[in-house]
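Residue numbers (the UniProt record's numbering): 1 to 688.
All C-beta atoms, glycine included, are put in the ideal place defined by N, C-alpha and C.
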């Protein structure tokens, strides 16, 4: 069906997101093209091209300054865009990054070559680098410490951008813009701006604005809400797990939203996929999610409602990036037995060769464990990764990390090191390279004065002209002192866990879904129980079981007593959410973690631990464990180490066996996980 801008406010707005990052769909930048070719005709295209790591990369390469992959996507989809059934289609993206003007000019030039009459605008005001000396920057998280101390340590600041809101976008659309290029606006701002313009909301339409905030958040990561990065990925047929549809948000006048996908494309939209994205990364308005709910209203359609709004904050988040120094890394491999001792031997030798006083960070990390009864060398080999981050103050001495001073001395010991040492011959990773370090801060909203610029087509060979409009900062704000303090909230009236009935042994990841992601140095992670059966009972168990202390136990070695953890509950969607402060060090741009984006920060831990679960979980797979044989079938689970995630048996089946074999230590076996695999113990494996 055709759509027209004259229908503004008379029906819901259809917003289709076409990118969740600058690296989304590198196989031809098909996101925009696939959305335009879908059966559902939309009103607005949005895209999120700016992750924190993208800003860091662009700050190190200021010659470009904008996300060039947007131009690839735009060129690929240009013919479909110009011939689209809805001629009033709007495009709103944040790909302008550090140079929105330059990207807008490039887009206008592309349109000019086609003789297309489209109005291009760009929004500025987020760049606060030139005014940074006069701004009182507060830390967003305790992990960074105060800004003055950070700035003294990292004085080579490359960029500073406030996360501006949607009102510049609204002004651009009100003045007839067809394409709006933004820099560092908030992730949800393109969707919020489109919905505010479409429904003619005002600055005090708090609940409606908050609803569009949630809608924008749900679709800004692209396929994360349509089946990507989803714990229940098995619900998607392997043959359909490619080219998953990008999401569509259908936003009503009251701010409620239905999330859906293009009906003729792959992927799924369920309450579970929507919950996962909602929990993933929790400014013109403050969204109160206390009563938010999700419900399936049709095939691949989920309605989201219950969000309430408050006036926008008086402070904005800011991303400040500085040159951190130089870093390098390389790997060796250890095979077979005694991996821990081999790793310690390699570390001891390497540390004797390096002048540790010259380095800010030296870490030795061992990844993986050898399989029991390995069937190949790969199954019995683990990686030992060495990460070096050189302190910025010594940047003039880059030669310290040249191969002759770093790689060669360390690998020179390989012939006298542990048996079977194999080096990784990709030596380029050991060459010094610059990296950015990131300070997430808070700045007064008045420090970011939004301005909308409109390009005017020039004569061939002429200079492109433009006009500009200043945007008044929203006078209605919520004072920081009026905001409720988010604290570590434990469950109210928890239920005693032993009241849930008989117990079975399950891996946590088999009955609980999770989603995690990074925000600076922090990681957000949310947990919920999928399925429609026994909803209340599952919720009572989850909120009672998953306390902050239990989370610390799950983290094991990743936990440290000084790490601040926030906990909250969303009763409407029956989810528990945590924020782990500082677990990523200084953030993705300079983190030494392999999982620098926090995507699996907690996923592996539940999957490698055995827990007692209430027997009402109907998800338990009764066919995997056979008490008669007492073994985990190889066909069902591969090796025993893999089979831990699929075990299902009652504690009574193995209590007597353990007690007869280990009478003196029986109780400790039930408390601590064992690193033991023995077929004579009836296939029971508990591994860390």
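- The C-beta of residue 100 has 16 or more other C-beta atoms within 10 Å across all chains shown, which makes the residue buried.
- Look at residue 34 here: in three-state DSSP terms it is helix.
- The beta carbon of residue 421 is closer than 8 Å to those of 332, 333, 334, 342, 346 and 414 in its chain, skipping five residues each way along the sequence.
- Judged by DSSP secondary structure, residue 333 falls within the beta strand (DSSP E) whose first and last residues are 315 to 335.
- For residue 242, the number of other beta carbons within 10 angstroms of its own is below 16, and it is reported as exposed.
- A Cβ-Cβ distance of about 7 Å is found for the pair residue 210 and residue 255, placing them in contact under the 8 Å criterion.
- Proximity of the segment 568 to 582 to the segment 285 to 292 meets the contact definition, three or more beta-carbon pairs being nearer than 8 Å.
- With a beta-carbon spacing of about 6 Å, residue 194 and residue 92 fall inside the 8 Å limit used to define contacts.
- In the three-state reduction of the DSSP assignment, residue 223 falls in the helix class.
- Beta-bridge partners assigned by DSSP to residue 580: 523 and 565.
- Annotation for residue 11: no alpha helix (DSSP H) segment contains it, and DSSP assigns it neither H nor E.
- Looking at the DSSP output, residue 437 sits in a beta bridge with 322.
- Separation of the CB atoms of residue 74 and residue 110 is rounded to 7 Å, and the pair is thereby assigned contact status at 8 Å.
- Rounded to whole angstroms, residue 417 and residue 67 show a C-alpha spacing of 46 Å.
- The beta carbon of residue 80 sits closer than 7 Å to the beta carbons of 33, 36 and 37 from its chain, once the five residues preceding and following it are set aside; these are given in chain order.
- Of all C-beta pairs linking the segment 129 to 143 to the segment 466 to 473, fewer than three are shorter than 8 Å, placing the two stretches out of contact.
- Judged by DSSP in its simplified three-state form, residue 404 adopts coil rather than helix or strand.
- Non-local beta-carbon contacts of residue 234 in its own chain, meaning distances under 8 Å to residues more than five positions away in sequence, are absent.
- A distance below 8 Å separates the beta carbons of residue 436 and residue 324.
- Cα atoms of residue 130 and residue 408: separation of roughly 43 Å, rounded to the nearest angstrom.
- Taking residue 169 as reference, the option from 120, 581 and 134 with the minimal CA-CA separation is 120.
- Closest option to residue 262, judged by alpha-carbon separation, among 16, 351, 232 and 584: 16.
- Taking a contact to require three or more Cβ pairs closer than 8 Å, the segment 185 to 193 and the segment 350 to 358 do not qualify as touching.
- In the three-state scheme derived from DSSP, where H, G and I count as helix and E and B as strand, residue 122 is classed as strand.
- By alpha-carbon distance to residue 445, the top candidate from 311, 560 and 155 is 311.
- Under the three-pair Cβ rule at 8 Å, the segment 205 to 221 counts as touching the segment 301 to 309.
- Measuring C-alpha to C-alpha distances from residue 498 to each of 199, 222 and 545 identifies 545 as the nearest.
- Cβ-Cβ distances below 6 Å link residue 215 to 191, 249, 251 and 257 in the same chain, with the five nearest sequence neighbours on each side left out; the list follows chain order.
- Taking a C-beta distance under 8 Å as the contact criterion, residue 23 and residue 31 do not qualify as a contact pair.
- In this structure, DSSP gives residue 70 a helical state, which the three-state scheme calls helix.
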